[in-house]
Amino acid sequence: MSFPEIDRMATFMRRKILDISFECGTSTHLGGGLSMVDVMSVIYGKVLRFDPANPRWEERDRFILSKGHGVLGYYPALLAAGIISEDTFQTFQQNGSHLIAHPVMNLDLGIESSNGSLGHGLSMGIGIALAAKRKGKDFQTYVFMGDGETNEGSIWEAAMLAAQQGLDNLTAIVDYNKMQSDGDSKDIIHVTNMAERFQAFGWHAEDVDGHDIDRLVAAFETPSPNGQPKVIVAHTVKGKGVPFMEHDGAWHHNRLTKTNYHAALEALGFDVPDEGDA
212 MSFPEIDRMA TFMRRKILDI SFECGTSTHL GGGLSMVDVM SVIYGKVLRF
262 DPANPRWEER DRFILSKGHG VLGYYPALLA AGIISEDTFQ TFQQNGSHLI
312 AHPVMNLDLG IESSNGSLGH GLSMGIGIAL AAKRKGKDFQ TYVFMGDGET
362 NEGSIWEAAM LAAQQGLDNL TAIVDYNKMQ SDGDSKDIIH VTNMAERFQA
412 FGWHAEDVDG HDIDRLVAAF ETPSPNGQPK VIVAHTVKGK GVPFMEHDGA
462 WHHNRLTKTN YHAALEALGF DVPDEGDA
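Printed below as a string of structure tokens:
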């Protein structure tokens with residue numbers, strides 16, 4: 212995709228997040244879903260190698276959503292990439308759906324792993340990347356984590372192993388929105404200098420604006436030197452794009468009423484449905 216196409220994909224995803232959150236009628240993880248949209252549009256619009264007609268293609272790159280509650284930023288990317296259909300997308304949170312509040316492994320839907328409990332995705336990604344090395348496969352593995360998730364000790368145990376194994380086919384992304392379920396991250400466990408911490412564990416690390424498409428593409432395309440795994444620390448805004456949600460922990464997990472659904476649409480520049488249509 213071109214940069215303007217990626218930008219349009221991000222706008223499409225934000226609209227889908229609002230629509231599906233309102234229509235499902237339950238509380239959803241809106242804040243963290245919106246913060247990761249631009250990164251996901253770059254990953255699925257530019258970076259990831261996949262075949263939407265054959266999600267099980269052996270040579271596909273692997274993507275793991277370690278911050279499993281971020282499905283609102285994940286399912287719209289699968290839809291925009293043509294991996295899942297609109298009909299499947301519309302089943303979100305419905306009885307019998309494969310698309311629930313956390314990802315459940317389903318290779319036919321492009322979902323590589325089940326995730327809910329935090330701190331597991333990086334270790335899984337290391338296993339996949341190590342297997343690729345040993346089998347002589349050249350696909351890449353990407354693991355998307357939340358910054359609150361890096362409070363988990365298992366993340367740093369995995370970080371040590373990835374560098375030791377020389378996994379230059381592994382890229383981790385941190386959605387560094389500096390908030391988590393219980394409040395501001397600095398008031399819980401203050402993980403300052405995220406990139407420097409990964410560097411200390413032997414990773415190649417880059418700090419980028421997580422809403423700057425150009426910078427994100429450049430960060431993904433920069434080769435990892437010296438056989439190192441790579442981490443992209445994407446500085447993002449929780450609730451990005453909807454002013455009354457931005458930086459507001461109340462929207463970590465919340466329910467859209469018709470009033471604030473319409474307000475969110477208007478803030479993003481979309482037409483508001485006539486009364487009775489929504």
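Under the numbering used here, the first residue of the sequence shown carries the number 212, and numbering increases by one thereafter.
Backbone N, C-alpha and C fix where the C-beta goes; we use that ideal spot for every residue, glycine too.
Owing to the predicted nature of the structure, the values given are computational and were not obtained by experimental measurement.
Can you tell me whether Gly357 is buried or exposed? The criterion is at least 16 other CB atoms within 10 Å of its CB, across all chains shown.
Working through the sequence shown from its first residue, we reach residue 357 at position 146. The residue is buried, with at least 16 neighbouring Cβ atoms inside 10 Å.
Going straight from the alpha carbon of Ala478 to that of Pro454, what length do you get?
Here residue 478 is taken as the residue at index 267 of the sequence shown, counted from 1. Here residue 454 is taken as the residue at index 243 of the sequence shown, counted from 1. When rounded, the separation of the alpha-carbon atoms in Ala478 and Pro454 is 7 Å.
Rounded to whole angstroms, what's the CA-CA distance from Gly480 to Asp230? Just pull it up for me.
Reading the sequence shown from its first residue, position 269 is the one you call residue 480. Reading the sequence shown from its first residue, position 19 is the one you call residue 230. As the crow flies, the alpha-carbon of Gly480 is around 14 Å from that of Asp230.
Whole angstroms is fine: what's the gap from Ile295's alpha carbon to Gly359's?
Within the sequence shown, the letter at position 84 stands for residue 295. Within the sequence shown, the letter at position 148 stands for residue 359. C-alpha separation (whole angstroms): 29 Å.
So Ser246 packs on Lys449, CB below 8 Å; how close in whole Å?
Residue numbering aside, residue 246 sits at position 35 when the sequence shown is read from its first letter. Residue numbering aside, residue 449 sits at position 238 when the sequence shown is read from its first letter. Between the beta-carbon of Ser246 and that of Lys449 there is about 5 Å, and that keeps the pair under the 8 Å contact cut.
Would you tell me roughly how many angstroms separate the C-alpha atoms of Glu457 and Asp262, rounded to the nearest one?
Taking the first residue of the sequence shown as position 1, residue 457 is located at position 246. Taking the first residue of the sequence shown as position 1, residue 262 is located at position 51. For Glu457 and Asp262, the distance between alpha carbons rounds to 35 Å.
Same chain, Cβ closer than 7 Å to Phe409, five either side skipped, listed in chain order:
Locating residue 409 in the sequence shown gives position 198, counting from the first residue. Only Ala370, Ala416, Val442 meet the Cβ criterion.
To which residues of the same chain is Met335 closer than 7 Å at the C-beta, ignoring the five residues directly before and after it?
Taking the first residue of the sequence shown as position 1, residue 335 is located at position 124. Excluding positions up to five away in sequence, the list reads Ile275, Ser324.
When the Cα atoms are used, what is the spatial distance from Asp398 to Ser392?
Looking up residue 398 in the sequence shown gives position 187. Looking up residue 392 in the sequence shown gives position 181. Ser392 has its alpha-carbon roughly 12 Å from the corresponding atom of Asp398.
Quick one: what's got a C-beta closer than 6 Å to Asp418's C-beta in the same chain, skipping five residues either side?
Along the sequence shown, one-based indexing puts residue 418 at 207. Shown here for Asp418: same chain residues with a beta carbon closer than 6 Å to its own, the five before and five after excluded, namely Ala406, Val444 in chain order.
7 Å Cβ cutoff met for Gln301 and Cys235:
Working through the sequence shown from its first residue, we reach residue 301 at position 90. Working through the sequence shown from its first residue, we reach residue 235 at position 24. With a cutoff of 7 Å on beta-carbon distance, Gln301 and Cys235 are scored as not near each other.
From Ile384, Asn362, Ser435, Ile366, pick the residue whose C-alpha is nearest to that of Asp395; which is it?
Position 184 of the sequence shown, counted from the first residue, corresponds to residue 395. Distance check between Asp395 and each of Ile384, Asn362, Ser435, Ile366 places Asn362 closest, using alpha-carbon atoms only.
Output the boundary residues of the alpha helix (DSSP H) element that contains Val424.
Sequence index remark: in the sequence shown, residue 424 carries index 213 (1-based). Position check: residue 424 holds Ile in this sequence, whereas Val was assumed. That run of the alpha helix (DSSP H) goes 424-432.
Closest by C-alpha distance to Leu289, when choosing among Leu320, Arg225, His331, Gly347
Residue mapping note: residue 289 aligns to position 78 of the sequence shown, counting from 1. The shortest CA-to-CA distance from Leu289 to any of Leu320, Arg225, His331, Gly347 is the one to Leu320.
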